[in-house]
Each structure stands twice: as structure tokens, then as C-alpha cells.
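Counting in UniProt numbering, the sequence shown runs from 1 upward without gaps.
For glycine and all other residues, C-beta sits at the position ideal for the given N, C-alpha and C.
None of these values were measured; they are calculated from a predicted model.
Shown next, in C-alpha cells, is the structure this report addresses.
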Amino acid sequence: MTQERANKTGFETRAIHAGYEPDAMTGAVNPPIYASSTYKQDGVGGLRGGYEYSRSANPTRTALEGALAAVEDGEKGFAFASGLAAEDAIIRALTAPGDHVVIPDDAYGGTFRLFDKVAKLWGTDYSAAPVADTEAVAAAVEKGRTKLVWVETPTNPMLTIGDIEALATVAHDAGALLVVDNTFASPYLQQPLTLGADVVVHSTTKYVGGHSDVVGGAVVVRDLDLAEKIGFHQNAMGAVAGPFDAFLTHRGLKTLGVRMDRHCDNAEKVVAFLDGDPRVTEVIYPGLAAHPGHEVAARQMKRFGGMISFRVAGGEQQALAVCERADVFTLGESLGGVESLIEHPGRMTHASVAGTDLEVPADLIRLSVGIESVDDLVADLDRALG
1 MTQERANKTG
11 FETRAIHAGY
21 EPDAMTGAVN
31 PPIYASSTYK
41 QDGVGGLRGG
51 YEYSRSANPT
61 RTALEGALAA
71 VEDGEKGFAF
81 ASGLAAEDAI
91 IRALTAPGDH
101 VVIPDDAYGG
111 TFRLFDKVAK
121 LWGTDYSAAP
131 VADTEAVAAA
141 VEKGRTKLVW
151 VETPTNPMLT
161 IGDIEALATV
171 AHDAGALLVV
181 DNTFASPYLQ
191 QPLTLGADVV
201 VHSTTKYVGG
211 HSDVVGGAVV
221 VRDLDLAEKI
231 GFHQNAMGAV
241 AGPFDAFLTH
251 RGLKTLGVRM
261 DRHCDNAEKV
271 VAFLDGDPRV
281 TEVIYPGLAA
291 HPGHEVAARQ
301 MKRFGGMISF
311 RVAGGEQQAL
321 AVCERADVFT
331 LGESLGGVES
341 LIEHPGRMTH
351 ASVAGTDLEV
361 PADLIRLSVG
371 IESVDDLVAD
381 LDRALG
């Protein structure tokens with residue numbers, strides 16, 4: 001299916017068909033894995049389809065990048081070796097030493113580490129602000145110096161919701177760009193570019209890949225000038241998705257819609273179990289009417305996702321015990337796979353923010369709700385809570 005035709009179809013159709021036409025020679029409906037580092041040229045500079053060296057472009061990666069652009073309603077997609085590689089490319093392509101970025105005050109620990117330990121040494125400074133407070137984000141912007149307003153929505157792990165349209169206005173009024181990490185929502189539930197964002201970034205390791213079998217990242221943009229800058233840095237820095245990784249990620253993307261519906265169904269039932277349980281002091285989920293960002297989430301998301309955070313009576317030791325007693329929920333980092341995962345952010349994914357303003361509560365547990373039989377998930381949590 002051509003990109004132009006794909007852009008007029010529904011999400012699931014785009015996820016399955018965009019970015020690739022069946023192979024002209026064999027009719028293969030899936031993109032082949034082009035395990036080639038280089039390509040024969042028809043004379044010096046006579047490239048076939050623009051391919052010369054697989055760091056610059058690979059047909060398997062090209063198919064994935066076209067599909068990623070289509071599902072995010074963008075013009076150009078880029079596939080990277082990891083989500084953090086994608087983030088690094090954005091920072092280096094769109095900022096310079098002396099520039100400033102506003103990041104979430106509850107950002108993913110890896111993103112915080114990238115800004116605090118890598119980009120800061122390079123000369124790009126940052127300030128943290130709560131993404132749910134548009135005025136606070138605006139106050140953190142330094143006009144003439146801030147180049148990016150960086151947002152997660154929902155955030156990791158506190159599931160805070162930022163108003164993408166309002167934050168785009170804040171960024172653009174300051175002459176900055178809005179970058180949205182759409183990993184937690186996935187392109188199925190939320191398309192930030194349609195709401196005014198300039199750049200979307202993903203860890204495709206999570207919901208896009210969906211099977212915990214491949215690490216990857218993605219950047220999608222609409223503006224072709226931004227695309228040129230990102231593309232230059234993708235090639236110059238070289239942290240690209242390999243052909244087999246691109247194939248697995250693309251395969252996962254094709255079932256994203258049906259998986260996300262099941263993730264959401266199961267999460268809603270798990271939330272119903274946790275909410276009001278005396279062993280739980282707080283349930284954090286955008287689908288709850290009591291969540292501060294519920295109305296915004298309802299407006300900009302199709303559904304509320306498969307991620308849940310909750311706090312337990314008994315403090316950190318009880319939180320650790322719950323994580324260790326869980327069985328169907330696997331104790332592990334990452335998220336977005338078909339299997340359910342449980343983790344203690346303070347000791348695991350967010351250990352890098354300990355002792356900073358971004359430190360997460362010690363009694364917090366994060367769930368990535370998978371697509372198993374939901375009765376088994378609820379029973380498992382009931383046992384784990386003790």
C-alpha cells in the first residue's frame with residue numbers, strides 16, 4: 001500500500017499495510033530481512049532505490065519507518081537501536097551547547113540520566129517542571145534559550161497527564177519545539193502530532209514491539225526540515241535498528257491495535273480490584289475519575305492504557321514484598337509486552353533519580369498489565385498483597 005493511500009485508512013490498516021508493498025518478484029506480504037551491509041551500485045553513485053550502506057538505509061528498516069510514520073500521522077519516521085538512542089539523536093539534532101530543555105519532573109529515569117549525565121556535560125542544560133501544570137512549564141521556559149519542551153504523557157511512573165495542545169502553545173510561543181514521549185500511550189491510543197507536537201519519540205521495545213523480544217526506538221515528525229536534521233544525525237551517529245530488529249518491531253506493530261484493547265480491558269479490571277482495597281493507599285490510573293488528569297486524558301487518548309501505579313500500606317518493605325510474592329506478574333523492568341510485569345520503581349527503573357527532585361515514592365509499585373486471563377492477574381495480586 002502506498003504511503004498516500006495508507007494515510008487515508010484506519011489505524012489497524014495502516015499498521016499492517018503502510019510502508020511496504022508486496023515484493024515485486026515473489027509477492028511476499030512481509031518485508032524480507034535484508035541482512036546486507038552494502039549494496040551493488042550501477043556505476044559510481046548509481047544507487048538502486050537509494051541504498052548504498054545499511055547504516056544509512058536498509059530496506060527492512062525503511063518498511064518499519066514508513067509504518068511508524070503512518071500510525072503516528074507523521075511524514076517521516078526513523079528507527080533506532082533503542083529508545084534512548086532515539087532521544088539522544090533528538091537532543092543532538094535539535095539543540096546545541098548553551099541551549100536549554102524543559103523536562104518532566106517525574107521523567108523516566110533513563111531520560112533524566114541522559115539529560116543530567118550526558119547532555120549537560122555536552123552543554124545542554126535542563127529544568128524540570130510538572131507536565132500537568134501548564135503554567136509551571138511556561139515558567140520553566142527560558143525565552144531565547146529553551147529549544148525543546150520535553151513531555152511524557154502519561155509519565156513514567158506517576159502516570160501524570162500533560163495537555164499536549166496547551167503545551168504545544170507554550171513551546172511555540174517561546175520559539176521552542178514540543179517533544180512528546182508517546183511510549184506509555186502508544187500510537188494506537190494517542191497521536192501527539194495531530195495535537196500540535198513537533199516530535200514524537202518512542203521506546204519501541206515497549207508496546208510497539210509488544211513481545212519483550214527486541215530493543216528499539218523511534219522518532220516521527222511532520223516537518224521535513226526537522227526530518228532532515230534527525231535523518232542526518234541518525235546516519236552520522238549510527239545507532240540504527242538492525243534489519244532483524246526492524247523486522248520484529250514491524251511484526252509487533254501490526255497487532256498493536258488488538259493488543260492495546262486487551263491491555264486496556266485488563267488494566268481497567270485490575271484497577272477496579274485495587275481501588276478501595278484497604279491494603280492499597282492510592283491507585284494511580286488516568287481512567288479513574290479521581291485522577292487529576294482524567295479529563296485531559298479522556299480528550300486526547302482513545303483509552304487509558306495498560307500501565308498502573310499504586311502505593312501500598314506498610315511502606316517500602318511491603319512494596320518490595322508484594323513485588324517478590326507476585327507470580328503471574330513477572331518481577332522485571334520494561335513494560336508493554338504481552339506478559340504482565342511488576343516492579344519497584346524506586347529500586348529499579350528509577351534508581352537513577354534517587355536523592356533528586358525526581359525521586360519516586362518508596363512505597364510505589366508499577367504494573368504493566370499484559371494480555372493474560374484477567375482473573376489470574378487479579379488473583380495473583382490478591383495473593384501478593386498478603
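At a Cβ-Cβ threshold of 8 Å, S54 and S37 count as neighbours.
Nearest neighbour of G337 by Cα position, chosen from E372, A86, A107, turns out to be E372. Counted as a single uninterrupted DSSP element, the beta strand (DSSP E) harbouring G217 occupies residues 217-221. In the structure shown, V131 adopts coil according to DSSP, grouped into three states. DSSP, reduced to helix, strand and coil, places Y207 outside both helices and strands of the structure shown, so it counts as coil.
With the rule of 3 Cβ pairs closer than 8 Å, the region 338-358 counts as touching the region 93-108.
Taken through DSSP and simplified to helix, strand or coil, P157 comes out as coil.
In the DSSP assignment, S186 falls outside any beta strand (DSSP E) and within the unbroken alpha helix (DSSP H) covering 186-189. Contact between the region 69-76 and the region 216-227 is present: 3 or more CB-CB pairs across the two stretches fall below 8 Å. The beta strand (DSSP E) runs lying completely inside the region 272-327 and spanning 3 residues or more are 280-284, 307-312, given in chain order. When Cβ pairs closer than 8 Å are counted between the two stretches, the region 306-319 is seen to touch the region 272-288, the count reaching three or more. In the structure shown, the three-state DSSP call for V71 is helix. Going by C-alpha positions, P292 is about 10 Å away from G162.
Proximity to G306 across S334, Q318, G315 peaks at S334, based on C-alpha coordinates.
Of the residues M158, G123, E324, the one whose Cα lies closest to the Cα of D380 is E324.
In the assembly as shown, V151 is a buried residue. Its beta-carbon has 16 or more other beta-carbons within 10 Å.
Residue pairing of L224 in beta bridges, as defined by DSSP: absent, with no partner found. The continuous alpha helix (DSSP H) containing E165 extends over residues 164-173. Annotated as distal: D198 and L167, with beta-carbon spacing of 8 Å or more.
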